[in-house]
Amino acid sequence: MVGVGLIGTGFMGKCHAIAWNAVGAVFPDVAKPRLVHLGEINDELAKRKAGEFGFAKGSGDWRAVVNDPEVDIVSLTTPNQFHPEMAIAILQAGKHLWCEKPMAPSFAEAQAMAAAAKKSGKVAALGYNYIQNPAIRHIGALLDEKIIGDVNLLRIEMDEDFMADPEALFFWKHEAASGYGALDDFAVHPLSLVSVLFGRVARVMCDMTKPYADRLVASGGRRAVETYDIASVLMHLENGVAGTLLVNRSAWGRKGRIAIQIFGSKGSILYDQERMNEFQLYLTSDRPTEQGYRTILVAPHHKPYDAFLPAPGHGLGFNDLKMIECRELLTRLAGKPARIIDFDDGLEIERTVHAMARSFEEKRWVDVR
1 MVGVGLIGTG
11 FMGKCHAIAW
21 NAVGAVFPDV
31 AKPRLVHLGE
41 INDELAKRKA
51 GEFGFAKGSG
61 DWRAVVNDPE
71 VDIVSLTTPN
81 QFHPEMAIAI
91 LQAGKHLWCE
101 KPMAPSFAEA
111 QAMAAAAKKS
121 GKVAALGYNY
131 IQNPAIRHIG
141 ALLDEKIIGD
151 VNLLRIEMDE
161 DFMADPEALF
171 FWKHEAASGY
181 GALDDFAVHP
191 LSLVSVLFGR
201 VARVMCDMTK
211 PYADRLVASG
221 GRRAVETYDI
231 ASVLMHLENG
241 VAGTLLVNRS
251 AWGRKGRIAI
261 QIFGSKGSIL
271 YDQERMNEFQ
281 LYLTSDRPTE
291 QGYRTILVAP
301 HHKPYDAFLP
311 APGHGLGFND
321 LKMIECRELL
331 TRLAGKPARI
341 IDFDDGLEIE
351 RTVHAMARSF
361 EEKRWVDVR
């Protein structure tokens, strides 16, 4: 039985805890894990969250989780700037690692994390649960079948509005220490989909903007915003497909949108994460009198939807995708092939993000490699 540690109990920490608690009931083909040790910023919070999340014990020092001999794998869900030190310590302690995205604020730190993973020989996976969606998996299968012919253009966007209010308070995602902003906080998710559906990005041209120059500070006054909430990118993929990537953390009305448009020589595919249990398909092979976008609802024959629900159209949610990711991780721990983005794959996403940032700084096209 795999012993699990968790560091961080915010939004993503809770998502990981839900997945670890439920994965064995939904997927009986993997060994049910044992929730051993939870780490937080102080003992009181750690013990309270351990009780809520179902962990046997909690500690106010994350190193206690790392050094616990009963822990085999650690879920790391802290803010981005803490990933490098903690991830490397976890791997050096001989533990497997499930780290939330992005890897790190700087590319050098991401490289150090990937090197530590390789040296440890342990499984090191990143939290890109959107690639687990049965709809995305089936879109990938359709692309492999060339059902829409040769793809010539990809448009992908990610928008949310949690930073849209100009009067919202300054917080840690506005600090340069957290990264570039929407580019690495957001764009890594669409890039994970690009990675599994199309492969690597070859060249990029990027622009970034700040919709609000400063923010209110709780203690009074205002502080300059150090990150960019909006990024627009032109891309050339290694397989020859042209692409655009648009990301915005200040898009009023958008709650969790990742919109994909894929255009090919024989049709097109549309998908929107806010309607995550369906996608649209247009085929030129249909009779002209019936040509048009058809809506395909996710159903039990779109694996692994059937592990959750026996009926089509009822719908999975965000935490269900994290549960699928947890199952894939446990499958990899068992030595079997699995659909995860490991640190090597994740480093390519980080490389792409930093090439985009360099393009913005230098105002030119930049080769990713």
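Using UniProt numbering, the first residue of the sequence shown is number 1, and each one after it goes up by one. All C-beta atoms, glycine included, are put in the ideal place defined by N, C-alpha and C.
Are there three or more Cβ pairs, one per stretch, closer than 8 Å when the region 162 to 175 is compared with the region 104 to 119? no
Could you tell me the alpha carbon to alpha carbon distance between Gln132 and His314, rounded to whole angstroms? 17 Å
Please name the residue, chosen from Leu153, Asn248, Gly346, that lies closest to Arg257 on a Cα-to-Cα basis. Asn248
State the CB to CB distance for the pair Val353 and Arg203, rounded to an integer number of angstroms; the pair is presumed to be in contact (CB under 8 Å). No, Val353 and Arg203 are not in contact; Cβ-Cβ is about 14 Å, not under 8 Å.
Quick check: what's the CA-CA separation for Gly121 versus His16? Going from the Cα of Gly121 to the Cα of His16 covers about 23 Å.
Please report the distance separating the alpha-carbon of Lys95 from that of Leu45. 24 Å
In or out: His301 buried (at least 16 other Cβ within 10 Å) or exposed? Taking all protein chains in view, the Cβ of His301 is surrounded by fewer than 16 other Cβ atoms within 10 Å, so the residue is classified as exposed.
Do Val74 and Ile18 have their CB atoms nearer than 8 Å? no
Give me the Cα-Cα distance between Ala124 and Ala116, rounded to the nearest whole angstrom. Rounded to whole angstroms, Ala124 to Ala116 spans 10 Å at the Cα level.
Burial state of Glu238, where buried means 16 or more other Cβ atoms lie within 10 Å: Label assigned to Glu238: exposed.
Rounded separation between residue 373 and Gly54 - CA only: The requested residue 373 is not part of the displayed model; the chain covers only 1 to 369.
Complete beta strand (DSSP E) runs within the region 278 to 365 (minimum length 3 residues, chain order): If only uninterrupted beta strand (DSSP E) runs of at least 3 residues are considered, those enclosed by the region 278 to 365 are 278 to 283, 294 to 297.
Alpha-carbon spacing of Tyr293 relative to Leu270, whole angstroms: 9 Å
How far does the alpha helix (DSSP H) with Met86 in it extend, from its first residue to its last? 83 to 92
DSSP three-state label for Ser178, please. helix
Taking 8 Å as the cut-off, does the region 57 to 70 touch the region 22 to 40 (at least 3 CB pairs, one atom from each stretch)? The region 22 to 40, when compared against the region 57 to 70, does touch it at the 8 Å Cβ threshold.
Identify the continuous alpha helix (DSSP H) that holds Pro195 and give its terminal residues. Sequence check: residue 195 is Ser here, not Pro. Run containing Ser195: 188 to 197, per the alpha helix (DSSP H) assignment.
Cα-Cα separation between Ile147 and Gly3, rounded to whole angstroms: So the alpha carbons of these two residues sit roughly 43 Å apart.
Given Ala218, which residues of its chain have a CB within under 7 Å of its CB, disregarding the five upstream and five downstream residues? Leu169
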